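Asker: Numbering (the working numbering), first residue to last: 309 to 595.
(1) Considering only the beta carbon of each residue, do residue 386 and residue 358 sit closer than 8 Å?
(2) Could you tell me whether any non-hydrogen atom of the ligand NAD is closer than 7 Å to the CB of residue 468?
(3) How about residue 519 and residue 542: do their beta carbons lie closer than 8 Å?
(4) Under the three-state reduction of DSSP, which class applies to residue 455: helix, strand or coil?
(5) Can you round the beta-carbon distance between residue 440 and residue 493 to whole angstroms, since I take them to be within the 8 Å contact cut?
(6) Using 8 Å as the threshold, is the C-beta distance between residue 548 and residue 487 below it?
(7) CA-CA distance, residue 582 and residue 496?
(8) Ends of the alpha helix (DSSP H) at residue 348?
(9) Which residues in the same chain have their Cβ closer than 6 Å to the Cβ of residue 408, if we skip the five residues on either side of it in sequence?
(10) Could you tell me whether the Cβ atoms of residue 521 and residue 398 are closer together than 8 Å?
(11) Rank 587, 530, 469, 457 by C-alpha distance to the C-alpha of residue 388 and give the top, closest one.
(12) Quick one: using the 10 Å Cβ neighbour count with 16 as the cut-off for buried, is residue 525 buried or exposed?
(13) Of the choices 482, 453, 552, whose alpha-carbon is the least far from that of residue 566?
(14) Could I get the ranges of all uninterrupted alpha helix (DSSP H) runs contained in the stretch 445-524, with 4 residues as the minimum, in chain order?
(15) Ignore the nearest five residues each way along the sequence and tell me which others in residue 400's own chain have a CB closer than 6 Å to its CB.
(16) Would residue 577 be called buried (16 or more neighbouring beta carbons within 10 Å of its own) or exposed?
(17) In or out: residue 529 buried (at least 16 other Cβ within 10 Å) or exposed?
(18) If you measure between the beta carbons of residue 502 and residue 431, is that distance less than 8 Å?
(19) Which residue marks the beginning of the alpha helix (DSSP H) containing residue 571, and which one marks its end?
(20) Quick check: the Cα distance between residue 336 and residue 355, rounded to an integer number of angstroms?
(21) What three-state label does DSSP hand residue 401 in the structure shown?
(22) Quick one: residues in its chain with C-beta nearer than 8 Å to the C-beta of residue 514, no 5 flanking neighbours on either side, listed in chain order?
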């Protein structure tokens, strides 16, 4: 039976020098990378699933764009490429959630979250470093395999300018930061709810729809499309994919990256505020 312990969970100030802190977070990220690299079979199976799902969606998009050419401002090759880029980002950016969220939820259930709060490192920074390590490994396998298969099987559109790859990688990083910000806010609800699974389920549905994972936001009608374009989920799939397809250039490109950066900063700041509120006085399960 689980007991509830009331804990004043204010982490101590450590005064850790910036260089040492960065070194620690880098070590945490490397550890997460190595941890996920041990699950090679599961990762390859996941890449296979992404590829099969991509083939199904790409085939559906081909039929749709044959009937409606230039739908949403995409030509047929751009529409197919959209599918494969989104499949490459799906797990890397964790649009479906997961990653550090599973660990945090387990620690809420066991009561070990109290130990995390008393570590001489920042709670949010620790889990961000963990998520960066996870994403780096997933990008190598589940990010590249679907894209390579898609390029071999379908007529896709690669960037014409080499610099586009740099902007795409930057956009993917900003997408990851925005995604982490959203997922961290969901996880932090565990301080009040003790189990964030219900919130995670709602977030999963919202993310799938408003990120553009299943259907480009450009196809959303009227006010729904206008709303979807300004919500943070658009920063996860829509913006990186449009950057890859070179649908924005000059000030438009800077605006797209600025949109992602703005949401990433806002969400991380909101998570910081929620963490501050949560650690004043929290109830931890376990014992």
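The C-beta atom is built at its ideal place from N, Cα and C for all residues, glycine as well.
Please read these numbers as outputs of a predicted model, since none were measured by experiment.
Answerer: Well, looking at it:
(1) No Cβ-Cβ contact shorter than 8 Å links residue 386 with residue 358.
(2) The ligand NAD is not among the ligands present in this structure, which contains no ligands whatsoever.
(3) yes
(4) helix
(5) Wrong, their Cβ atoms sit about 18 Å apart, outside the cutoff.
(6) no
(7) 7 Å
(8) 348-375
(9) 435, 438, 439
(10) yes
(11) 457
(12) buried
(13) 482
(14) Runs of the alpha helix (DSSP H) lying entirely within the stretch 445-524 and spanning at least 4 residues, in chain order: 453-461, 470-496, 498-501, 505-518.
(15) 443, 446, 447, 451
(16) exposed
(17) exposed
(18) no
(19) Taken as a continuous stretch (DSSP letters only), the alpha helix (DSSP H) holding residue 571 covers 559-586.
(20) Cα to Cα, residue 336 sits roughly 25 Å from residue 355.
(21) DSSP, read as helix, strand or coil, puts residue 401 in coil.
(22) 541
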